[in-house]
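Accompanying notes for the structure given below.
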Amino acid sequence: MNDIKQILIDCKDGTITLEEAYLKLKEKPFEDIGYAKVDLHRKLRQGAAEVIYGAGKTPEQIAGIIRVMSSHNEKTILITRLSPEAHAELKRLGCDVDYHADAKAGICGRIPEPEGKHFVVVATGGTSDIPVAEEAALTAEVHGCRVKRLYDVGVAGLHRVLSHMDDIMSASVIVAAAGMEGALASVLGGLADCPVIAVPTSVGYGASFGGISALLAMLNSCASGVSVVNIDNGFGAGYLASMINRIRTEGE
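Yeah, the sequence shown ends on 828 if you go by the working numbering, and it's all consecutive.
Right, dumping it as structure tokens:
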């Protein structure tokens with residue numbers, strides 16, 4: 577961190593301008609640890625720190641990235657697609673990671689207190705969609721959002737979602753996770769006055785083609801204000817929801 581301090585000192589004494597200091601901070605990007613280049617300034621550039629994608633990484637690699645981020649004062653580190661076996665090995669390696677089995681995600685550090693009065697709704701068509709929805713909800717919470725979960729409110733029983741109209745109409749953004757025909761996103765898009773982020777899940781019988789049917793249905797939604805992320809991409813939906821919610825919160 578000495579070089580960052582030097583930039584700030586140079587800015588304070590007038591050696592460089594504020595704009596030059598800001599540019600230098602944005603341009604100092606990462607720490608190279610051989611198998612990974614850890615992005616240390618993502619929060620400066622994007623407002624949120626790097627997230628570790630656990631699938632395909634060894635526990636030793638994940639632990640190394642955690643140590644670098646922790647050494648640079650990152651208080652909350654999210655690891656997505658983390659298996660129970662990898663989590664157990666991380667604990668053995670000395671990493672204090674809280675495991676969330678439904679979301680298949682780990683958190684090193686504490687989830688921050690929600691900012692502002694606005695909130696994100698995360699809804700699912702069925703109980704089988706909860707793992708994807710939990711990844712979205714946990715991601716949003718890690719990024720400072722208040723989250724309300726509306727699970728198992730699919731169109732097979734439309735009265736279930738209609739019983740939550742207060743939350744739907746008050747949300748700053750809605751994440752709708754659904755498999756099968758993926759109709760929940762269109763229904764919510766037709767009810768809410770906020771953006772709806774549709775997450776097709778790979779839940780369904782053979783002709784659902786592992787979520788492709790839901791993906792195509794969501795892409796062809798007749799409701800305005802519905803955007804779509806990739807199949808089972810709860811993280812992407814939760815992250816985008818947190819960005820939208822942050823804009824609303826900053827506008828208070």
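Idealized CB from N, CA, C, for every residue including glycine.
Simplified DSSP state of residue i, which is helix, strand or coil
| i | result |
| --- | --- |
| residue 611 | coil |
| residue 727 | coil |
| residue 638 | helix |
| residue 804 | strand |
| residue 628 | strand |
| residue 585 | helix |
| residue 813 | helix |
| residue 592 | coil |
| residue 797 | coil |
| residue 633 | coil |
| residue 577 | At residue 577, the pLDDT of 42 sits below 50, so the modelled position is not reliable; the number obtained from the coordinates is stated separately. It is coil, neither helix nor strand. |
Environment of residue i [buried if 16+ CB atoms lie within 10 Å]
| i | result |
| --- | --- |
| residue 588 | exposed |
| residue 577 | A caution first: residue 577 carries a pLDDT of 42, below 50, which makes its placement in the model unreliable, though a value can still be read off. Exposed is the call here. |
| residue 681 | buried |
| residue 745 | exposed |
| residue 776 | buried |
| residue 684 | buried |
| residue 798 | exposed |
| residue 657 | buried |
| residue 783 | exposed |
| residue 808 | buried |
| residue 756 | buried |
| residue 794 | buried |
| residue 787 | buried |
| residue 707 | buried |
| residue 781 | exposed |
| residue 596 | exposed |
| residue 823 | exposed |
| residue 738 | exposed |
Reference residue i, options the options, closest by Cα
| i | options | result |
| --- | --- | --- |
| residue 789 | 778, 798, 799 | 778 |
| residue 821 | 690, 776, 613 | 690 |
| residue 819 | 597, 700, 625 | 625 |
| residue 639 | 759, 666, 812 | 666 |
| residue 611 | 635, 618, 659 | 635 |
| residue 723 | 704, 608, 813, 623 | 813 |
| residue 661 | 686, 650, 632, 768 | 632 |
| residue 621 | 701, 628, 600 | 600 |
| residue 728 | 721, 704, 678 | 704 |
| residue 735 | 591, 677, 764 | 764 |
| residue 718 | 652, 709, 725 | 652 |
| residue 699 | 675, 731, 585 | 731 |
Beta-bridge partners of residue i, as assigned by DSSP
| i | result |
| --- | --- |
| residue 606 | 615 |
| residue 736 | Its beta-bridge partners do not exist; DSSP assigns none. |
| residue 722 | 695 |
Near the ligand SAH: residue i beta-carbon under 7 Å from a heavy atom
| i | result |
| --- | --- |
| residue 637 | This structure does not include the ligand SAH; it has no bound ligands of any sort. |
Minimum Cβ-Cβ distance from residue i to chain D less than 8 Å
| i | result |
| --- | --- |
| residue 773 | Structure shown: chain D not included; a single protein chain is present. |
Whole alpha helix (DSSP H) runs in the region 650 to 713 with 4 or more residues, listed along the chain?
Taken in chain order, the whole alpha helix (DSSP H) runs of length 4 or more contained in the region 650 to 713 are 660 to 668.
Those runs of the alpha helix (DSSP H) which lie wholly inside the region 746 to 788 and span at least 4 residues
760 to 767
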